[in-house]
Amino acid sequence: MMRIFWILLLVLLLLGQLITFVSSKTPVPVIQPLAVEASEGLYELVSETREVWKDAVYYTLNPVEISTGKPESLLDREQFMLELRDLEQTLGNSGGEYLITKELSRWFNASSGQGASKGNHSGISSYLAGLKGWMETCSSSAPHISLERSFLNPEISSDYPCLSFEMSGSAFDLGSFLIDYEDRFPEWQLKELDLMKSAEDDSWWLRGSFVFEGEQL
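The numbering of the sequence shown is the working numbering, which starts it at 195 and goes up by one.
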């Protein structure tokens, strides 16, 4: 009797495995994608929207890579601003007032700062490289030079704000500083220069501005 029971149980188990095997081989129906016919007007609208978006991102939002002049992402511009702020903070720790990053951000957000829509990216690249180079030159300048103020001002003769500064030190060191910067960045030309001798010691007070004469917007 027990033998018959075990034989029946074995048969039932084999039937269960057979049913499972057959069901696993049943083909699953493939759902075909719906065929949607887009009208010509819809294609046109999508194309125009894409071009507008490309222009906005490419020209208005994107910065320019300093080394190559190629337009890059918004992240690159933010990275450049962070580097500039770090340089300003380093200089600010030794005294002085530096407003370049603040006024550069304001210029980028203004209509004049969005003039890159005309397509001149190499000019913007040179301009930004010059600003960064100015801060780097200031941070590595002779110990006898003290940069009191550095900021941007609107400039009538250029599409870009001019770079204004006030510094003090010996006449030789001040002159060497300006010559070195002009040699490194020839597109920046010294426009104004006001030199005064201190009544208290042998130092000089220098006030002036550089104008960017590279490719305009």
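All C-beta atoms, glycine included, are put in the ideal place defined by N, C-alpha and C.
Within the model, the alpha-carbon separation for residue 273 versus residue 289 is close to 25 angstroms. By the C-beta criterion, the segment 360 to 367 is judged not to be in contact with the segment 318 to 326, since fewer than 3 inter-stretch pairs fall below 8 angstroms.
Between residue 322 and residue 295 a beta carbon distance of about 11 angstroms is seen, past the 8 angstroms cut, so the two are scored as non-contacting. Taking the CA atoms as reference points, residue 339 sits about 10 angstroms from residue 370.
Note: residue 385 is not bridge-paired with any residue in the DSSP secondary-structure output. Of 328, 331, 341, 298, the smallest CA-CA separation from residue 286 is found for 341.
The bridge partners DSSP lists for residue 360 are 343, 401. Within a 10 Å sphere around the beta-carbon of residue 329 sit 16 or more other beta-carbons, which makes this residue buried. Secondary structure note for residue 373: its alpha helix (DSSP H) is the uninterrupted segment 365 to 378.
Beta bridge pairing from DSSP links residue 407 with no other residue.
Per DSSP, the continuous alpha helix (DSSP H) segment holding residue 299 begins and ends at 294 to 303. Proximity of the segment 350 to 359 to the segment 389 to 408 meets the contact definition, three or more beta-carbon pairs being nearer than 8 angstroms. A Cβ-Cβ contact shorter than 8 angstroms links residue 297 with residue 345.
Rounded to whole angstroms, the Cβ separation of residue 352 and residue 409 is 11 angstroms, and the two are not in contact under 8 angstroms. Check the Cα spacing between residue 374 and each of 394, 397, 331, 388: the tightest is with 331. Per the C-alpha coordinates, the member of 292, 372, 377 positioned closest to residue 347 is 292.
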